[in-house]
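A.B. asks:
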Amino acid sequence: MAQNFAHGNYSHTQKKARNSGGGRTPADGARRTLSQNFLVDRHAVELMVKAAAPEGLVLEPGAGEGALTFALAEVAARVVAYEIDPRLAGRLASRTQDDPAIEVVRGDFTRARVPREPFAVVGNIPYSVTSKIVDWCLRAPDLSSATLLTQREYARKRTGDYGRWSLVTVESWPWFHWRLGHTVFRESFRPVPSVDSAILRIERRPEPLVCDRGSYRRLVELGFGGTGGSVRASLKTRYEGVDAALSAAGVPRDAVVGHVHPDQWVALWRHLC
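For the sequence shown, our numbering assigns the number 197 to the initial residue and increments by one for each residue that follows.
#1: Under 7 Å Cβ to Cβ from Gly454, same chain only, skipping five residues before and after it: list those, please.
#2: In the DSSP assignment, find the beta strand (DSSP E) that holds Val380 and state where it starts and stops.
#3: From Thr326 to Gly419, what distance separates their C-alpha atoms?
#4: Kindly indicate which three-state DSSP category Ile298 falls into: helix, strand or coil?
#5: Among Ser384, Ala263, Lys432 and Ser390, whose alpha-carbon lies nearest the alpha-carbon of Glu349?
#6: Any heavy atom of the ligand FMN closer than 7 Å to the CB of Val366?
#7: So with Cβ pairs under 8 Å, would you call Ser327 a contact of chain B?
#8: Threshold first: 3 residues or longer. Then list the beta strand (DSSP E) segments lying entirely within the segment 264-341, N to C.
#9: Which stretch, first to last residue, makes up the alpha helix (DSSP H) that contains Arg352?
#10: In the DSSP assignment, the alpha helix (DSSP H) including Pro458 goes from what residue to what residue?
#11: Report, in whole angstroms, the separation of the C-beta atoms of Leu264 and Gly303, which I expect to be a contact under 8 Å.
#12: Give a yes or no on whether the C-beta atoms belonging to Pro257 and Leu268 are separated by under 8 Å.
#13: Using only alpha-carbon positions, find the residue among Val462, Val447, Val456 and Leu442 that is nearest to Asp408.
#14: Return the bridge partner residues of Arg397 from the DSSP annotation.
#15: One question on the structure: do Ala394 and Arg354 come within less than 8 Å of each other, judged by their Cβ atoms?
#16: Report buried or exposed for Thr221, applying the criterion of at least 16 other Cβ atoms within 10 angstroms of its Cβ.
#17: So the candidates are Arg287, Leu255, Thr343 and Val236; which of them puts its Cα closest to the Cα of Ala308?
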């Protein structure tokens, strides 16, 4: 069985290593270009696996050096690990060649073929492609959940932790529940990034909250369009009975779009569509 990198003895507070010679190696260049920050803290790996609770098929974007890959393989039936860096992919493939539970794919996860069976996505993903990976997940018909280690600010924005809600979250809310998980501090990575991360959990609902995707999205997109400066002003350009719907959904008449909870958008859809 492949060596379990995730359970090595790594310091939670080790300082970022610096190149005293002032030059950059090809590996240094790849880390900067591909936004690579490797997860090296055992506790953070355990938090990810616990949050994901993976079983069956798991796709891992940005496998890197394999810290999470091996931990996932211990609890999931099969892990397909994607790594775009050919150097890292080759190294990880060599280390996992005798482990039938792990398949390493050298390539861009955002261009991966979507499995035609239920699967989960779990990964410590590069900050620079977070939106692309999230969009890929939301479009996958058989995705059961995505557990992603992202920039903490991104995770907080998408889960309403700032008291505001984004279009991406509201639009997908009838089909996916978004939850903010544990913070993973920057010292848990090598190289150490400039910001902290957090676990973002996106879980498909057993049953959608709305029955018509098109009408719901048209409603939300109109509301986020910004006409008139309030949700009420925007919706009145197309729908009848807006004031009654706002009252029933508990939305103030002067509410701006970001302050309307996703559940309230579902209530508005039920009254207006």
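Yeah, the Cβ is synthetic: ideal placement off N, Cα and C, and Gly gets one too.
C.D. replies: Based on what the coordinates show:
#1: Arg360 and Trp361
#2: Phe372 to Val380
#3: 25 Å
#4: strand
#5: Ser390
#6: This structure lacks the ligand FMN, and indeed carries no ligand of any kind.
#7: No chain B is part of this structure, which consists of one protein chain only.
#8: 274-279, 298-302 and 315-320
#9: Arg348 to Arg354
#10: Pro458 to Leu468
#11: Not quite, the Cβ-Cβ distance comes to about 18 Å (not below 8 Å), so this is no contact.
#12: no
#13: Val462
#14: Thr343 and Arg375
#15: no
#16: With a pLDDT of 44 at Thr221, under the threshold of 50, the modelled position of that residue is not reliable, and the figure given next carries that caveat. So Thr221 ends up on the exposed side.
#17: Leu255
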